[in-house]
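Inspection log for the structure reproduced underneath, given as structure tokens.
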Amino acid sequence: GAVVSQHPSRVICKSGTSVKIECRSLDFQATTMFWYRQFPKQSLMLMATSNEGSKATYEQGVEKDKFLINHASLTLSTLTVTSAHPEDSSFYICSARTGTSAYNEQFFGPGTRLTVL
Amino acid sequence: AQSVTQLGSHVSVSEGALVLLRCNYSSSVPPYLFWYVQYPNQGLQLLLKYTTGATLVKGINGFEAEFKKSETSFHLTKPSAHMSDAAEYFCAVSSYNQGGKLIFGQGTELSVKP
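Those protein sequences? They're chains V and G, same order as listed. Per our numbering, the first sequence runs over residues 1 to 117. Per our numbering, the second sequence runs over residues 118 to 231.
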């Protein structure tokens with residue numbers, strides 16, 4: 001089946017530093033990748049939609065200058081949290097989708113837990 | 118705008134008992150509906166989905182769900198719970214005009230007692 005990986009699985013950083021999270025589709029080409037944020041015991045909130053070769057589309061309320069998304073290839077998207085602060089601590093999950101239809105399945109990565117001290 | 122409401126943030130059943138997780142949605146266009154399962158510190162795995170056609174959808178691990186347009190519901194059921202079913206379950210909605218964006222419900226934590 002389709003596999004999506006994320007790296008790193010956990011990261012701890014100091015306040016003010018930047019952190020990059022990678023999302024890779026291992027055995028398929030993903031035309032679209034999505035980035036979600038999940039707080040403890042809460043649902044997933046979509047942050048942005050990323051299409052290969054074009055700028056990401058951010059959801060309302062998500063700071064595009066703080067959460068930089070790059071989708072340079074059909075198998076890799078990156079999320080960079082710039083100048084991280086403790087309130088950015090969260091579980092970040094990416095998903096990847098083949099095709100362009102809304103009913104095409106999204107395959108989710110295992111998530112990255114970010115802790116900002 | 119679309120939305121999803123999952124009734125009950127926590128459901129507890131005994132092993133072998135019926136599992137029923139409730140999901141109601143709101144959508145101004147025909148919805149695509151999904152159920153995902155999440156184990157601790159992991160990503161989401163698709164259990165089943167409804168797009169068009171048969172309203173009773175069968176998924177993995179013995180789960181099934183029925184799309185009821187008149188009730189705007191998509192409840193998830195399993196006849197007999199296993200200990201391994203203990204996890205967080207999310208209902209989600211999308212549609213053809215949402216670019217594939219999934220709107221998730223709040224999640225329901227399922228506990229299975231021996």
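Where a beta carbon is used, it is the ideal one built from N, C-alpha and C, also for glycine.
Between which two residues does the beta strand (DSSP E) containing residue i stretch?
i       : result
I177(G) : Here I177(G) belongs to no beta strand (DSSP E), and DSSP marks it neither H nor E.
E205(G) : 204 to 211
Q38(V)  : 32 to 38
N104(V) : Looking at the DSSP string, N104(V) is not in any beta strand (DSSP E), and its letter there is neither H nor E.
M45(V)  : 44 to 51
Say whether chain G places a C-beta atom closer than 8 Å to the C-beta of residue i.
i       : result
E105(V) : yes
L117(V) : no
G109(V) : yes
S43(V)  : yes
T75(V)  : no
R97(V)  : yes
T49(V)  : yes
L46(V)  : yes
I69(V)  : no
With 8 Å as the threshold, decide whether the Cβ of residue i is near any Cβ in chain V.
i       : result
N158(G) : yes
F207(G) : yes
K218(G) : yes
G170(G) : no
Buried or exposed: where does residue i fall if 16 or more other Cβ atoms within 10 Å of its Cβ makes it buried?
i       : result
L44(V)  : buried
E205(G) : buried
S211(G) : buried
I220(G) : buried
V3(V)   : exposed
Q29(V)  : exposed
Y149(G) : buried
Could you check whether residue j and residue i sit closer than 8 Å to each other, using their CB atoms as the reference points?
i       : j       : result
L227(G) : L138(G) : yes
G222(G) : V154(G) : no
F191(G) : Y142(G) : yes
L117(V) : S15(V)  : yes
S144(G) : K230(G) : no
F180(G) : Y167(G) : no
S25(V)  : E52(V)  : no
M33(V)  : S77(V)  : yes
Can you pull out the residues from the stretch 16 to 38 of chain V whose beta carbon lies closer than 8 Å to at least one beta carbon of chain G? T32, F34
Near-chain V residues of the stretch 118 to 138 of chain G - C-beta to any C-beta below 7 Å: none
Using a Cβ cut-off of 9 Å, which residues of the stretch 173 to 188 of chain G contact any Cβ in chain V, in chain order? none
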